[in-house]
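Asker: Please see the structure below; I have some questions.
Numbering (mature numbering (1 follows the signal peptide of the UniProt record, and there is no 0)), first residue to last: -21 to -1, 1 to 236.
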């Protein structure tokens, strides 16, 4: 180790002595103070651990939801007439689904519809219309309203990610997801904003309008898919669950005329 010059060595030793003297003074001062109890009750430890785990879980859920939003990258932030559309709003073919978030067969068909749009190179979009079945209410109707509230506050893209989360995490058949506010917060969204929206009569007319439209088409159950050729105005109604392959074949048949 190289030797320090004499002046530098004296300066260094002086600084060390000062630091040690300060630490000694602090120790002596602490000795003169009453000792405070460092004991933490078991209840406090458990509460702190639970609190930390809850924070980590919320962070994990939020990160997972942000990835889900990215998966719906073809959804535009805003759409014509504020409709719930995945894909290019100007696409020639619209897959207009009349769906119920609590419906197990809607869940089964959900990924297939997305797959068709993802592979269609902007020629197909997917519009979700609310058709909450009476046998699944109030859960289905309330969840439909939550999706519209999310769309109102965060836009179409986030609403699609929220719709996906609801469909795949609900217990189904009217059993719901439990506390709606906590479920929304678990996605990193504002529970307060959604609560305020849910407490109002906002979006109820849209949900009722979707439902009446479906009834007028002869729809009584979900899922029901209306394939619309926006170029010719022709529309074809398909009832019940269909695979991605069946939907894609129907679309190709229409495109070929």
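For each residue, glycine too, the CB sits at the ideal point set by N, CA and C.
Can you tell me which residues form a DSSP beta bridge with residue 235?
Answerer: In the chain shown, counting from the first residue as 1, residue 235 sits at position 256. According to DSSP, which records beta bridges pairwise, residue 235 is partnered with nothing at all.
Asker: When you compare only the Cα positions, how much space is there between residue 221 and residue 168?
Answerer: Locating residue 221 in the chain shown gives position 242, counting from the first residue. Locating residue 168 in the chain shown gives position 189, counting from the first residue. Answer to the nearest angstrom: the Cα atoms are 33 Å apart.
Asker: Which one of 179, 194 and 226 has the shortest CA to CA distance from residue 207?
Answerer: Counted from its first residue, the chain shown places residue 207 at position 228. Ranking 179, 194 and 226 by Cα distance to residue 207 puts 226 first.
Asker: Inspect the CB distances between the segment 175 to 189 and the segment 107 to 127 and report whether three or more fall short of 8 Å.
Answerer: Touching, yes, given that three or more Cβ pairs across the two stretches are closer than 8 Å.
Asker: Out of curiosity, what's the CA-to-CA distance linking residue 109 and residue 235?
Answerer: Locating residue 109 in the chain shown gives position 130, counting from the first residue. Locating residue 235 in the chain shown gives position 256, counting from the first residue. C-alpha separation (whole angstroms): 30 Å.
Asker: In three-state terms, what does DSSP make of residue 205?
Answerer: Sequence index remark: in the chain shown, residue 205 carries index 226 (1-based). It is a strand residue.
Asker: DSSP state of residue 76, grouped into three classes?
Answerer: By 1-based counting over the chain shown, the position of residue 76 is 97. The answer is strand: DSSP assigns residue 76 an E or B state.
Asker: Hey, residue 144 and residue 166: beta-carbon distance below 9 Å or not?
Answerer: The sequence position of residue 144 within the chain shown is 165, counting from 1. The sequence position of residue 166 within the chain shown is 187, counting from 1. For residue 144 and residue 166, yes; Cβs fall inside 9 Å.
Asker: How would you write the range of the alpha helix (DSSP H) that residue 190 sits in, first residue to last?
Answerer: Your numbering for residue 190 matches position 211 in the chain shown. Counting along the chain, the alpha helix (DSSP H) containing residue 190 begins and ends at 183 to 195.
Asker: Confirm, please, whether the CB-CB distance from residue 155 to residue 164 is below 9 Å.
Answerer: Locating residue 164 in the chain shown gives position 185, counting from the first residue. Locating residue 155 in the chain shown gives position 176, counting from the first residue. No, the Cβ-Cβ distance between residue 164 and residue 155 is not below 9 Å.
Asker: Evaluate residue 59 with the Cβ neighbour count: other Cβ atoms within 10 Å of its Cβ, from every protein chain shown; 16 or more gives buried, anything less gives exposed.
Answerer: On the chain shown, residue 59 is found 80 positions in, with the first residue counted as 1. With fewer than 16 Cβ atoms within 10 Å of its Cβ, residue 59 is classed as exposed.
Asker: For residue 232, count neighbouring C-beta atoms within 10 Å of its own C-beta (all shown protein chains included) and say buried if the count is 16 or more, exposed if not.
Answerer: Within the chain shown, residue 232 is the residue found at index 253, counting from 1. By the 10 Å Cβ count, residue 232 comes out exposed.
Asker: Output needed for residue 161: all residues of its chain with C-beta closer than 6 Å, excluding positions within five of it in sequence on either side, in chain order.
Answerer: As a first step, residue 161 must be located in the chain shown, where it is residue number 182. Here the set comprises nothing.
Asker: If you draw a straight line from the alpha carbon of residue 229 to that of residue 68, how long is it in whole angstroms?
Answerer: Start at 1 with the first residue of the chain shown, and residue 229 comes out as number 250. Start at 1 with the first residue of the chain shown, and residue 68 comes out as number 89. Those two C-alpha atoms are separated by around 20 Å.
Asker: If distances are taken between C-alpha atoms only, which option among 96, 129 and 83 comes closest to residue 237?
Answerer: Shown here, the chain extends from -21 to 236; a query on residue 237 therefore has no answer.
Asker: Rounded to the nearest angstrom, what separates residue 66 and residue 20 at their Cα positions?
Answerer: The residue given as residue 66 occupies position 87 in the chain shown. The residue given as residue 20 occupies position 41 in the chain shown. In a straight line, the C-alpha of residue 66 is about 55 Å away from that of residue 20.
Asker: Could you tell me whether any non-hydrogen atom of the ligand FAD is closer than 8 Å to the CB of residue 159?
Answerer: Ligands are entirely absent from the displayed structure, and the ligand FAD is therefore not among its contents.
Asker: How would you write the range of the alpha helix (DSSP H) that residue 162 sits in, first residue to last?
Answerer: As a position in the chain shown, residue 162 is number 183, starting the count at 1. Counting along the chain, the alpha helix (DSSP H) containing residue 162 begins and ends at 159 to 164.
Asker: Just the Cα atoms here: how many angstroms apart are residue 196 and residue 83?
Answerer: Mapped onto the chain shown, residue 196 falls at position 217. Mapped onto the chain shown, residue 83 falls at position 104. Residue 196 and residue 83: Cα-Cα distance of roughly 22 Å.
Asker: With 16 as the cutoff for other CB atoms within 10 Å, does residue 78 come out buried or exposed?
Answerer: Taking the first residue of the chain shown as position 1, residue 78 is located at position 99. Under this definition residue 78 is a buried residue.
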